[in-house]
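Encoded as structure tokens, the structure appears first; notes follow it.
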Amino acid sequence: GKWKPFEEYEASDIYPGTKLARESRGSKAKGLFNGQKVGIAGTPRMPMYEISSLVESCKGTLSHYRCDFLIVARNASWSEMDEMESSKCSRVTEKWFFDSIAHWKQQPIPPNSEIVKAMG
Numbered sequence: 033g034k035w036k037p038f039e040e041y042e043a044s045d046i047y048p049g050t051k052l053a054r055e056s057r058g059s060k061a062k063g064l065f066n067g068q069k070v071g072i073a074g075t076p077r078m079p080m081y082e083i084s085s086l087v088e089s090c091k092g093t094l095s096h097y098r099c100d101f102l103i104v105a106r107n108a109s110w111s112e113m114d115e116m117e118s119s120k121c122s123r124v125t126e127k128w129f130f131d132s133i134a135h136w137k138q139q140p141i142p143p144n145s146e147i148v149k150a151m152g
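This is how it looks when you write it as structure tokens:
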């Protein structure tokens, strides 16, 4: 048998990021993070190599020092966040990261109360 084209099952009307990410892969099209650095504090729910792959597919860079966005995950400590941050770093949640990819648009930065909750 033959495989059906996966484009028919992308749900791009709900999650446009799937189609846009596929179309921009390997091209000169603008990526979601387009050269921005993404750091992680704490223990993410997804393995680090998968997050790294996602960041790179969105044309960003996973950074261990100074970043544009700091994903605050479980068990993140304040000192760990202080080490990674610069004055321009925005603290975000894992949910923000995945929602931004799903919609292929950086979502609004969450309030600090959501960041503290994500650390729990």
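If you read the sequence shown in the working numbering, its first letter stands for residue 33, the second for the next number, and so on.
Where is the CB? At the ideal position from N, CA and C, for every residue including glycine.
Requested in this report: State buried or exposed for residue 116, treating a residue as buried only when at least 16 other CB atoms are found within 10 Å of its CB.
Outcome: Here residue 116 is buried. Its C-beta has 16 or more other C-beta atoms within 10 Å.
Report task. For residue 71, write down the residues that DSSP places opposite it in a beta bridge. Result -> 102
Query raised in the report: By DSSP, does residue 94 sit in helix, in strand, or in coil?
Result: strand
Requested in this report: Under 6 Å Cβ to Cβ from residue 113, same chain only, skipping five residues before and after it: list those, please.
Outcome: 73
Query raised in the report: How would you label residue 106, buried or exposed, when you count the other beta carbons within 10 angstroms and need 16 or more for buried?
Result: exposed
Query raised in the report: What do you reckon, is the C-beta of residue 69 under 7 Å from a heavy atom of the ligand NAP?
Result: Among the components of this structure there are no ligands whatsoever, and the ligand NAP is therefore not found.
Requested in this report: Measure the CB-CB distance between residue 102 and residue 121 and report whether it falls below 8 Å.
Outcome: yes
Query raised in the report: So with Cβ pairs under 8 Å, would you call residue 137 a contact of chain B?
Result: The structure shown contains no chain B, having only a single protein chain.
Report task. Starting from residue 111, follow its DSSP beta bridges and name the residues at the other end. Result -> DSSP lists no partner for residue 111.
Query raised in the report: Among 98, 76, 37, which one has its Cα closest to the Cα of residue 68?
Result: Comparing Cα positions, the closest option is 98.
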